[in-house]
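Student: To start, I am sharing the structure in question, which I have written as structure tokens.
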Amino acid sequence: MTPARFFEAPEGRWTLAAEFSAEDAANQLQPAIARDVGGDDLCAGASGSDAHPAAPPASAAPLRFGSAGTAMVAGGFIFGGDTRPTAFPAAPAPAAGQPAPRTTAAGPATNRPTFLAVVPTGSADAPLLPPRGAEDAPAAPAGKSVVTKSSSSFVGRLVASDALARWALTPTPTLLLTAPRTLLWATPTGHALLRLDLLTCSALCHAARSPAPGQMDVVAGFVRGHMLVYDAPGARYSRVNKASRWRPDIRCVAWVPGQTQMFVAGAADGWLVLVDRSVEEFQAPGEPRKPGANPVACWRLSHRPLTSLCFAPGGTLAAVTCDNGQAYLVDVLAPSGGSMEQEPFAHAYFGAMTCAAWCPDGAFLVCGGKDDLLGVWSRAGVLLARCHGHDSWVRCVVFDPVAGDQEMCRFVSAGDDGRVCVWELSPAAVQRPRAARDKVPVLLPLVAFRAHVAPITALQVCSDAMVTACRAGTVRVWRRPEAGDTDAYV
1 MTPARFFEAP
11 EGRWTLAAEF
21 SAEDAANQLQ
31 PAIARDVGGD
41 DLCAGASGSD
51 AHPAAPPASA
61 APLRFGSAGT
71 AMVAGGFIFG
81 GDTRPTAFPA
91 APAPAAGQPA
101 PRTTAAGPAT
111 NRPTFLAVVP
121 TGSADAPLLP
131 PRGAEDAPAA
141 PAGKSVVTKS
151 SSSFVGRLVA
161 SDALARWALT
171 PTPTLLLTAP
181 RTLLWATPTG
191 HALLRLDLLT
201 CSALCHAARS
211 PAPGQMDVVA
221 GFVRGHMLVY
231 DAPGARYSRV
241 NKASRWRPDI
251 RCVAWVPGQT
261 QMFVAGAADG
271 WLVLVDRSVE
281 EFQAPGEPRK
291 PGANPVACWR
301 LSHRPLTSLC
311 FAPGGTLAAV
321 TCDNGQAYLV
331 DVLAPSGGSM
341 EQEPFAHAYF
351 GAMTCAAWCP
361 DGAFLVCGGK
371 DDLLGVWSRA
381 GVLLARCHGH
391 DSWVRCVVFD
401 PVAGDQEMCR
411 FVSAGDDGRV
421 CVWELSPAAV
431 QRPRAARDKV
441 PVLLPLVAFR
451 AHVAPITALQ
461 VCSDAMVTAC
471 RAGTVRVWRR
481 PEAGDTDAYV
């Protein structure tokens with residue numbers, strides 16, 4: 001089925017404003033000038049096991065996606081495939097009559113995750129898209145790319161566009177994506193600004209924030225417990241957990257609100273850890289606490305992988321979903337933080353929970369999972385409603401920051417069926433006493449449409465636009481209707 005290029009909502013018609021391939025965006029940055037630097041020039045504190053005797057030569061080979069690559073929202077959801085991403089294997093010899101396998105700048109393309117996040121700059125209400133009509137203007141010719149090669153064993157090189165300097169003067173909201181062995185920073189119209197090429201593995205999750213205009217901090221999680229904290233405009237990064245014995249895959253990460261150094265990471269072994277980026281020493285969770293070492297605090301939530309985490313508005317209470325079909329509430333800065341077991345807060349109808357989002361006032365939480373449903377839960381752990389609208393696993397859910405008021409709120413979900421569903425919910429209605437305890441209200445979507453042919457694995461809603469991405473690596477940006485638009489809702 002052909003994906004839609006617009007959809008109708010009560011406020012008017014949402015239209016497709018931009019569409020690009022993450023593969024094409026990454027390939028805009030090909031090396032034109034190369035210079036070698038030591039690990040300490042690019043990598044803060046790269047030494048010991050992180051040292052590398054010789055950096056690989058800069059290559060102009062284009063980056064290509066595997067046919068099953070995925071794309072996701074950072075900071076809330078793990079990789080879409082059920083296979084474990086690892087280091088790229090050696091390319092097998094093609095069979096007789098078969099085409100040669102596709103390759104990337106770092107190796108053969110396979111089923112590797114790609115994530116997407118909208119990174120605001122300054123005000124959260126800053127528009128993501130240029131004014132209407134400006135996106136149709138001819139694109140500026142590609143400028144030169146400067147390659148900085150690293151002696152680290154983890155990061156191979158940094159490729160920057162000359163447009164990065166212009167962006168620093170007039171910063172605007174941007175997109176952060178990951179491709180196989182690559183972190184890519186681009187504009188919403190698909191113009192690449194910066195590319196960080198990794199040597200051995202691809203990111204499983206990442207989270208981004210902009211503490212001030214012209215700044216962007218990124219934390220990414222990888223296989224075998226590796227975590228990377230990256231200052232994109234400053235072109236500096238640091239490794240976390242380089243030498244400890246704790247080696248599970250890092251499945252979800254998020255910055256702690258109001259903290260400059262702290263982030264939270266969820267692992268495949270069910271541990272949730274609070275990490276101070278300024279502390280180098282790392283010990284395994286559950287071991288006797290050593291002063292001055294990471295993790296600052298840890299919680300044993302499950303023995304199954306943690307799949308997503310999100311913070312309630314205005315606080316440090318995190319909702320964490322798990323592959324065991326349950327969700328947990330953890331105050332990550334509470335004085336009692338430690339390695340204790342946590343009681344589940346919510347549960348799926350069946351199967352794993354994959355995503356969650358808090359409503360703007362933090363009164364309730366919406367969770368999605370592999371039961372094709374979304375559940376609306378109060379802070380007390382009471383199921384308020386179930387949402388039926390998807391035909392496959394729900395991969396992401398976010399609240400609309402603009403639509404809605406005190407009487408009605410709107411959230412948007414997307415999943416493996418390639419559909420985007422728009423929901424409206426009245427908190428007062430779902431919190432009314434019910435005639436029978438087993439009667440849970442069922443919500444149907446206000447709008448449902450096919451946004452991608454491939455499964456959707458990334459979704460973000462901004463003040464003026466919505467961004468979706470699919471497993472094939474296609475990114476689509478939808479423009480919100482402006483006041484005065486005459487397109488009527490059908």
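Residue 419 in UniProt numbering sits at position 419 of the sequence shown, and the numbers go up by one each step. All residues carry an ideal CB built from backbone N, CA and C; glycine is no exception.
1) In whole angstroms, give me the CA-to-CA distance for L274 and W478.
2) Could you tell me whether the Cβ of S152 comes closer than 8 Å to any Cβ of chain B?
3) Under 7 Å Cβ to Cβ from A26, same chain only, skipping five residues before and after it: list those, please.
4) Less than 8 Å between the CB atoms is what I'm expecting for R419 and A385, so what's the real figure, rounded?
5) Excluding the 5 residues flanking G48 on each side, which residues of the same chain have their C-beta closer than 6 Å to its C-beta?
6) At a cut of 8 Å, does the stretch 277-289 reach the stretch 311-329 through at least three beta carbon pairs?
7) Residues in its own chain within less than 8 Å of R247 by CB, not counting five upstream and five downstream?
8) Using a Cβ-Cβ cutoff of less than 7 Å, which residues in the same chain neighbour A4 once the five nearest sequence positions on both sides are dropped?
9) Taking the CB atoms as reference points, tell me whether D249 and A267 lie closer together than 8 Å.
10) Can you list the beta strand (DSSP E) stretches of 3 or more residues lying completely in the stretch 156-217, in chain order?
11) Just curious, the beta strand (DSSP E) that A18 is in, first and last residue?
12) Just list the residues that DSSP pairs Q460 with in beta bridges.
13) Within a Cβ cutoff of 7 Å, which residues of the same chain sit near Q342, ignoring the five residues on either side of it in sequence?
14) Between which two residues does the beta strand (DSSP E) holding L128 run?
15) Can you check whether the CB of V394 is closer than 8 Å to the CB of C355?
16) For R289, count neighbouring Cβ atoms within 10 angstroms of its own Cβ and tell me buried if that reaches 16, exposed if not.
17) Just reading off the beta strand (DSSP E) that S378 is part of, what are its end residues?
18) With which residues is Q326 paired in a DSSP beta bridge?
19) Between which residues of its own chain and D361 is the CB-CB distance below 8 Å, once the five residues before and five after are set aside?
20) Where does Q28 land, buried or exposed, given buried means 16+ other C-beta within 10 angstroms?
21) Buried or exposed: which applies to V366, given that a residue is buried once 16 or more other Cβ atoms fall within 10 Å of its Cβ?
22) Which first and last residues belong to the beta strand (DSSP E) in which L309 is found?
23) Can you have a look at P131 and say buried or exposed, based on whether 16 or more other CB atoms are within 10 angstroms of its CB?
24) What did DSSP end up calling N241 once you bin it into helix, strand or coil?
25) With a threshold of 8 Å on Cβ separation, who are the neighbours of Q326 within its own chain once the five nearest residues in sequence on each side are excluded?
26) Identify whether D24 lies in helix, strand or coil by the three-state DSSP scheme.
27) Apart from the five residues on each side of it in sequence, which residues of its chain come closer than 8 Å, Cβ to Cβ, to A428?
28) Among P291, N241, A483, S308, whose alpha-carbon lies nearest the alpha-carbon of R251?
29) Is the distance from the Cβ of P233 to the Cβ of F311 below 8 Å?
30) Apart from the five residues on each side of it in sequence, which residues of its chain come closer than 8 Å, Cβ to Cβ, to L383?
31) With H, G and I counted as helix, E and B as strand and the rest as coil, what does DSSP make of V382?
32) Can you look up P295 in the DSSP assignment and give me helix, strand or coil?
33) Could you check if L169 is buried or exposed, using at least 16 other CB atoms within 10 Å of its CB as the buried criterion?
34) DSSP puts T354 in a beta bridge; with which residues?
35) Among D405, D162, D400, which has the Cα closest to the Cα of L459?
Tutor: In brief:
1) 35 Å
2) The displayed structure is made up of one protein chain only, and chain B is not part of it.
3) L63, A179, T182, L184, A192, R195
4) Contact doesn't hold; Cβ gap of about 19 Å is too wide.
5) Confidence in G48 is poor, its pLDDT being 34 and thus under 50, which makes the residue's placement unreliable; the coordinate value appears in the next sentence. Taken in chain order, the list of residues that qualify is empty.
6) no
7) R224, G225
8) Within the same chain, Cβ atoms closer than 7 Å to the Cβ of A4 are found at F449, R450, A451, the five residues on either side in sequence being excluded.
9) yes
10) 174-179, 182-186, 192-198, 205-209
11) 12-21
12) Under DSSP, the beta-bridge partners assigned to Q460 are V467.
13) W299, L301, Y328, V330
14) Taken as a continuous stretch (DSSP letters only), L128 belongs to no beta strand (DSSP E), as it is neither H nor E.
15) yes
16) By the Cβ neighbour-count rule, R289 is exposed, with fewer than 16 other Cβ atoms within 10 Å of its own.
17) Boundaries of the beta strand (DSSP E) harbouring S378: 373-378, taken from the DSSP string.
18) Q326 is bridged to H347.
19) P313
20) buried
21) buried
22) 306-311
23) exposed
24) coil
25) Residues of the same chain with a CB within less than 8 Å of the CB of Q326, apart from the 5 flanking positions on each side, are S302, P344, F345, A346, H347, A348, M353 in chain order.
26) helix
27) E407
28) S308
29) no
30) A346, G375, V376, W377, V440
31) coil
32) coil
33) That one is exposed.
34) Answer by DSSP bridge pairing: none, since T354 is not bridged.
35) Taking each of D405, D162, D400 in turn and checking the Cα distance to L459, the smallest one comes out for D400.
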